[in-house]
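So the structure is just underneath, and the comments pick up after that.
Number of protein chains: 2
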Amino acid sequence: MQNKQIVLNSRPAGMPTTENFRIEDVEIPQPKDGEVLVRTLYLSVDPYMRGRMNDRKSYIAPFALNEVIVGGGVAEVVESRDENFRAGDIVTGMLGWRLYSVAKASELRKIDPKLAPVTTALGVLGVTGLTAYFGLIDICNPQAGETVVVSGAAGAVGMTVCQLAKIRGCRVVGIAGSDEKNSYLTNELNVDTTINYKTEKVREALAAACPNGVDVYFDNVGGEISDAVLLLINKGARISICGQISMYNLERLDVGLRPQPLLLINSATMKGFILTDYAPRFAEAITQLSKWLAEGKLKYAENIIEGFENTPRAFLGLFAGENLGKQLVKVAEDSRQ
Amino acid sequence: MQNKQIVLNSRPAGMPTTENFRIEDVEIPQPKDGEVLVRTLYLSVDPYMRGRMNDRKSYIAPFALNEVIVGGGVAEVVESRDENFRAGDIVTGMLGWRLYSVAKASELRKIDPKLAPVTTALGVLGVTGLTAYFGLIDICNPQAGETVVVSGAAGAVGMTVCQLAKIRGCRVVGIAGSDEKNSYLTNELNVDTTINYKTEKVREALAAACPNGVDVYFDNVGGEISDAVLLLINKGARISICGQISMYNLERLDVGLRPQPLLLINSATMKGFILTDYAPRFAEAITQLSKWLAEGKLKYAENIIEGFENTPRAFLGLFAGENLGKQLVKVAEDSRQ
Chain P
1 MQNKQIVLNS
11 RPAGMPTTEN
21 FRIEDVEIPQ
31 PKDGEVLVRT
41 LYLSVDPYMR
51 GRMNDRKSYI
61 APFALNEVIV
71 GGGVAEVVES
81 RDENFRAGDI
91 VTGMLGWRLY
101 SVAKASELRK
111 IDPKLAPVTT
121 ALGVLGVTGL
131 TAYFGLIDIC
141 NPQAGETVVV
151 SGAAGAVGMT
161 VCQLAKIRGC
171 RVVGIAGSDE
181 KNSYLTNELN
191 VDTTINYKTE
201 KVREALAAAC
211 PNGVDVYFDN
221 VGGEISDAVL
231 LLINKGARIS
241 ICGQISMYNL
251 ERLDVGLRPQ
261 PLLLINSATM
271 KGFILTDYAP
281 RFAEAITQLS
291 KWLAEGKLKY
301 AENIIEGFEN
311 TPRAFLGLFA
321 GENLGKQLVK
331 VAEDSRQ
Chain H
338 MQNKQIVLNS
348 RPAGMPTTEN
358 FRIEDVEIPQ
368 PKDGEVLVRT
378 LYLSVDPYMR
388 GRMNDRKSYI
398 APFALNEVIV
408 GGGVAEVVES
418 RDENFRAGDI
428 VTGMLGWRLY
438 SVAKASELRK
448 IDPKLAPVTT
458 ALGVLGVTGL
468 TAYFGLIDIC
478 NPQAGETVVV
488 SGAAGAVGMT
498 VCQLAKIRGC
508 RVVGIAGSDE
518 KNSYLTNELN
528 VDTTINYKTE
538 KVREALAAAC
548 PNGVDVYFDN
558 VGGEISDAVL
568 LLINKGARIS
578 ICGQISMYNL
588 ERLDVGLRPQ
598 PLLLINSATM
608 KGFILTDYAP
618 RFAEAITQLS
628 KWLAEGKLKY
638 AENIIEGFEN
648 TPRAFLGLFA
658 GENLGKQLVK
668 VAEDSRQ
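Top line first, the protein sequences correspond to chains P and H. Mapped onto the numbering used here, the consecutive letters of the first sequence carry residue numbers 1 to 337. Mapped onto the numbering used here, the consecutive letters of the second sequence carry residue numbers 338 to 674.
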C-alpha cells in the first residue's frame, strides 16, 4: 500500500491552474484511539473550495500552502480504533485529498450502501441536497404558481433546486451554459423553460421566459446573469445567494448593477447563506430528501472522473461549466466490488 | 377664501428644479357625503416623492403631469359631511399640495393636539417614526452590544433610527453631511460616533469607528457610502434598505460594488421595504413610539419652512442635504392660535 496526497502548491491568481496543485508521496498514517484509518473511494470537488485557496477572510479558513486540500469524500474504513466503526464500513465526511487518511470518528458519518449509491452522500443526500433544500425552502419559501429562476441550474445544487421548486408547484426557469444541459433540465427534470446564457441574450430571453416577473431567484453565479434576473423581480421577491461562481476567480470585488434600489422598490429580500448555518436541521432535511428520492420525485446527475491524480483537473472543470450535475472523482473501488 | 394648488409641471430629468412645479389658482371644492373639507396647516416633503415624479414602475403610482402633488399633511377640518369629524378637528392623511382640499373621511386620522405638537403626526409619530421602527426593529432586530450604522443619520428617519438603536443598547455610528448635524447626533441623541461624509474619507473613518465590524446597517442613502459599510459587515449582518437618496435623481440604474459576494460570505440579509408593508401593525408601533416620546427617550428635530409657495423649494432642499430632521412646510396657523 502506498499513500499519496495533493497539496496547495501556490495560491491561484484569478483562474486556478494545475500548477497550483502538487501531488506527493506520503506515509500511511496510524489511527489513535477514537480515530479511523480510511481508504478514499470518491472525492467531491466544489466551487466553494476556490474561496479557501485565497489567503483572505471568508466563511471558512483558507487552505494553507503546502498542506493537503480538504473537501467532502466517501471512504471505506480500513482500521478502526473507535467502537462505532469497523473495517469495511462506508463513511462520509471532510477528507483530505489523499488515498488514505486518518479521521476522527466523531467527524465521520456511516452510510448504508443498500439505501442509495454511496455517491449520493456527496450529492443529493449530502452537501448538495442540503444546500438546495435550505437555500430554497428556508430562505425563499416558494409558493405554488410563483416563478422561480435558478442560475447554474445544471450544476449539482441547481438541478436539485429546480426539482424542489417543481415539487412546490412553481413555474421554474433554469439558466445553464449548454443546450445539452438545458435538454436534461427540460426533459428529465421538467423544468418549464431554460435559457442558454452562452448563446442567448439573457435579458431578452429572461423577460420572455418570465411574463409574470420573478418571485424567487436562487443565485449560484452572480454577475450579469443576476443583474438580468434582478431587473424582473416582483414585489416581495426572495433572493437566495448560494454561490457566486462568476466571482470566485476575480482578484478584486466586482462592480456591476447595484441591487439596492430594486430591493427597495419591490420590498424584496436578498440573503446569503452557508450550509453550516443550518447544521441543527440537517437530519430533518435528509429525511425529507430521502423520501422524495425514494418516491422518484428527485433525480440527480453525476459526472465522475476516474483517477486520484485527476482531482485538480476535475476541480478546474467546474469553472469552465463542464459538469452536468455533481462533479466527483472516483479514487478507488470499494472492497465489495 | 382663495384656493391654490401645486402641480407637476414637467417630469424632472435627474435633479428636480423649481421649473418642474407650477402653482395654480383653483376653486375650493365642496365635500360630498362621507367627505371632509380641510384647510392645510403643514405639508411634509419626503425624498420618496422624487420616485413618483418619474413615469416608471415603483412601489407607488407615478404622479400625473399637470395634476396636484400628493403627500403627507396635517389640516384643520372646515366643513365635515361625515359623523366622525367636525369643524376645528385637526387631522392627518395624504393631502394634495393645496390650501384647501376635500378628503374622504375614511382616509383621515384625527390627532389630539394636547398629546404632542400636531407636526409629530408627520414625523416621529407618523410616517417617519413608523419607517424607523419597522425598518430597524422588524428587519434588523438589533441586539444590545451590536454595532449599528445609520446613513442619512440626521434626516428625520435616520435620527429616529439612531435613538431606537440606542434604546436597544447598541453602539451607534451615524453618517451625515455636516459637522453641525453630527454635533446634534452626538450631543442630543447620544450617538456614539459620527462621520461627516463630505469632509472625511468614509472607508477609513468607518473602519476606525467600527473596530468590531458592522452588525446592522440602516441604509437611507445607497451609493458609495453603502459600499463602504458593506465591506465591514459581520457574519449574520442585517441590512435594511429604507431609502437610496443618492439614486433618486439618477436617470438610470447605478453601477457600483456588487454586494452579493459580501452577503454570501457573511450569511447576511439585505431587505428593502416600504412602510405600507407593515400597515396592520401601525397601532402597535405608534403606541410604543408615543411611550418613548413621553418618557423623553425619543427626541425629534424639525426644519420648518413657512409659506405654501415654498413647498417645492423645501422639497428640493432634501437633495442638497439641508435639513436636520423632518422637513415640513407651514402653510397656515390653526384656528386655535
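C-beta: ideal position from N, C-alpha, C; glycine also.
- Message: DSSP has THR606 (chain H) in a bridge; who is on the other side?
- Response: In the second sequence, counting from the first residue as 1, residue 606 (chain H) sits at position 269. Per DSSP, P:LYS271 and H:ARG575.
- Query: Of all the residues that make up the region 233-262 of chain P, which are near chain H by a beta-carbon distance shorter than 8 Å?
  - Reply: LYS235, ILE241, CYS242, GLY243, GLN244, MET247, LEU253, ASP254, VAL255, GLY256, LEU257, ARG258, PRO259, GLN260, PRO261 and LEU262
- Message: Within the continuous beta strand (DSSP E) that includes MET344 (chain P), where are the two ends?
- Response: With chain P covering 1 to 337 only, the question about residue 344 (chain P) has no answer from this structure.
- Message: Does ILE6 (chain P) pass the burial test, meaning 16 or more other C-beta atoms within 10 Å, or should it be called exposed?
- Response: Walking along the first sequence from the start, residue 6 (chain P) turns up at place 6. By the 10 Å Cβ count, ILE6 (chain P) comes out buried.
- Run of the beta strand (DSSP E) containing TYR554 (chain H), from where it starts to where it stops: Counting from one through the second sequence, the residue named residue 554 (chain H) turns up at place 217. Element bounds for TYR554 (chain H): 551-556.
- Item | Own chain partners of GLU646 (chain H) with C-beta closer than 7 Å, once the 5 adjacent residues on each side are dropped | As a position in the second sequence, residue 646 (chain H) is number 309, starting the count at 1. These residues qualify, in order along the chain: ILE360.
- Beta carbon proximity, GLY495 (chain H) to chain P, threshold 8 Å: Taking the first residue of the second sequence as 1, we reach residue 495 (chain H) at position 158. Not closer than 8 Å to any Cβ of chain P, the Cβ of GLY495 (chain H) fails to qualify, so no.
- Message: When you compare the region 437-446 of chain H with the region 569-576 of chain H, are there three or more beta-carbon pairs, one atom per stretch, that lie closer than 8 Å?
- Response: no
- Query: Mind listing which residues of the region 338-360 of chain H have their C-beta closer than 8 Å to chain P's C-betas, in chain order?
  - Reply: none
- Of all Cβ atoms in chain H, is any one closer than 8 Å to the Cβ of ALA215 (chain P)? Translated into positions along the first sequence, residue 215 (chain P) becomes position 215. First, the amino acid is wrong: residue 215 (chain P) is Asp here, not Ala. No, ASP215 (chain P) does not count as interfacial toward chain H.
- Task: Counting only the same chain and skipping the five closest in sequence on each side, list residues whose C-beta sits under 6 Å from that of VAL150 (chain P).
- Result: Start at 1 with the first residue of the first sequence, and residue 150 (chain P) comes out as number 150. So the list reads GLY158, VAL161, CYS162, GLY174 and PHE218, once near-sequence residues are dropped.
- Any idea what DSSP makes of ASP227 (chain P), helix, strand or coil? Here residue 227 (chain P) corresponds to residue number 227 of the first sequence, with the count starting at 1. ASP227 (chain P): helix per DSSP, three-state reduction.
- So, does the CB of MET607 (chain H) fall closer than 8 Å to a CB anywhere in chain P? Working through the second sequence from its first residue, we reach residue 607 (chain H) at position 270. At least one chain P Cβ lies under 8 Å of MET607 (chain H).
- Nearest-angstrom Cα separation, counted from GLY152 (chain P) out to GLY222 (chain P): Here the question's residue 222 (chain P) lines up with position 222 in the first sequence. Here the question's residue 152 (chain P) lines up with position 152 in the first sequence. Between GLY222 (chain P) and GLY152 (chain P), the C-alpha separation is close to 10 Å.
- Contact check, THR484 (chain H) vs ARG508 (chain H), beta carbons under 8 Å: Here the question's residue 484 (chain H) lines up with position 147 in the second sequence. Here the question's residue 508 (chain H) lines up with position 171 in the second sequence. Yes.
- Message: If you reduce the DSSP assignment to three classes, tell me which class SER438 (chain H) lands in.
- Response: For the purposes of this step, residue 438 (chain H) is identified with residue 101 of the second sequence, where counting begins at 1. Correct three-state label for SER438 (chain H): strand.
- Beta carbon of GLY460 (chain H) nearer than 8 Å to that of ALA493 (chain H): Taking the first residue of the second sequence as 1, we reach residue 460 (chain H) at position 123. Taking the first residue of the second sequence as 1, we reach residue 493 (chain H) at position 156. The answer is yes: Cβ separation under 8 Å.
- Query: Can you find a C-beta in chain H that's less than 8 Å from the C-beta of PHE273 (chain P)?
  - Reply: Taking the first sequence and counting its residues from 1, one reaches residue 273 (chain P) at position 273. So yes, PHE273 (chain P) belongs to the interface.
- Message: Can you confirm whether LEU473 (chain H), when its beta carbon is compared against all beta carbons of chain P, has any partner nearer than 8 Å?
- Response: Within the second sequence, numbered from 1, the residue matching residue 473 (chain H) stands at position 136. Taking Cβ atoms only, chain P never reaches closer than 8 Å to LEU473 (chain H), which makes this a no.
- Should ASP556 (chain H) be flagged as near chain P, meaning a C-beta pair shorter than 8 Å? As a first step, residue 556 (chain H) must be located in the second sequence, where it is residue number 219. With 8 Å as the cut-off, ASP556 (chain H) counts as an interface residue toward chain P.
- Item | Reduced DSSP secondary structure (H/G/I, E/B, other) of GLU722 (chain H) | Outside the shown range of chain H, which is 338 to 674, sits residue 722 (chain H), and nothing can be said about it.
- Query: Considering ILE623 (chain H), what are the terminal residues of the alpha helix (DSSP H) in which it resides?
  - Reply: Against the second sequence, residue 623 (chain H) aligns to sequence position 286. Taken as a continuous stretch (DSSP letters only), the alpha helix (DSSP H) holding ILE623 (chain H) covers 619-631.
- Jot down the residue ranges of each uninterrupted alpha helix (DSSP H) in the region 380-427 of chain H, minimum 4 residues, whole runs only, in chain order. 386-389
- Buried versus exposed, by CB contacts within 10 Å (16 or more), ARG387 (chain H): Taking the second sequence and counting its residues from 1, the one referred to as residue 387 (chain H) is at position 50. ARG387 (chain H) should be labelled buried.
- Item | For LYS114 (chain P), three-class secondary structure by DSSP | As a working mapping, residue 114 (chain P) is identified with position 114 in the first sequence. In the structure shown, LYS114 (chain P) sits in coil (DSSP, three-state: anything other than H, G, I, E or B).
- Item | Bridge partners - GLN163 (chain P), DSSP secondary structure assignment | In the first sequence, the residue the question calls residue 163 (chain P) occupies position 163. Answer is none; GLN163 (chain P) lacks a bridge partner.
- Query: How do the region 356-371 of chain H and the region 182-200 of chain P stand: do at least 3 beta-carbon pairs fall below 8 Å, yes or no?
  - Reply: no
- Message: Taking CB distances under 8 Å as the criterion, tell me whether GLY222 (chain P) reaches chain H.
- Response: For the purposes of this step, residue 222 (chain P) is identified with residue 222 of the first sequence, where counting begins at 1. True, the Cβ-Cβ gap to chain H drops below 8 Å.
- List, in order along the chain, the chain H residues whose C-beta lies closer than 7 Å to that of SER226 (chain P)? On the first sequence, residue 226 (chain P) is found 226 positions in, with the first residue counted as 1. The contacting residues are GLN597.
- Query: Between which two residues does the beta strand (DSSP E) harbouring SER151 (chain P) extend?
  - Reply: On the first sequence, position 151 is the one that residue 151 (chain P) refers to. Element bounds for SER151 (chain P): 147-151.
- Message: At the 8 Å Cβ level, is ASP334 (chain P) part of the contact set with chain H, yes or no?
- Response: In the first sequence, counting from the first residue as 1, residue 334 (chain P) sits at position 334. By this cut-off, ASP334 (chain P) is not an interface position.
- Taking only beta carbons into account, state which residues of the region 276-293 of chain P come closer than 8 Å to chain H, listed in chain order. ASP277
- Report yes if the CB atom of GLY256 (chain P) is closer than 8 Å to the CB atom of ARG540 (chain H), and no otherwise. Counting from one through the first sequence, the residue named residue 256 (chain P) turns up at place 256. Counting from one through the second sequence, the residue named residue 540 (chain H) turns up at place 203. No; because the gap between Cβ atoms is not below 8 Å, this pair is not in contact.
- Task: From the DSSP output, read off the bridge partner residues of ALA513 (chain H).
- Result: The residue given as residue 513 (chain H) occupies position 176 in the second sequence. H:ASN533.
- Can you find at least 3 beta carbon pairs, one from the region 661-671 of chain H and one from the region 375-386 of chain H, that sit closer than 8 Å? yes
- Task: Report back the beta-carbon spacing between THR456 (chain H) and VAL411 (chain H) to the nearest angstrom; my notes put them in contact at under 8 Å.
- Result: If you number the second sequence from 1, residue 456 (chain H) lands on position 119. If you number the second sequence from 1, residue 411 (chain H) lands on position 74. The pair is a contact, with the Cβ atoms about 7 Å apart (cut-off 8 Å).
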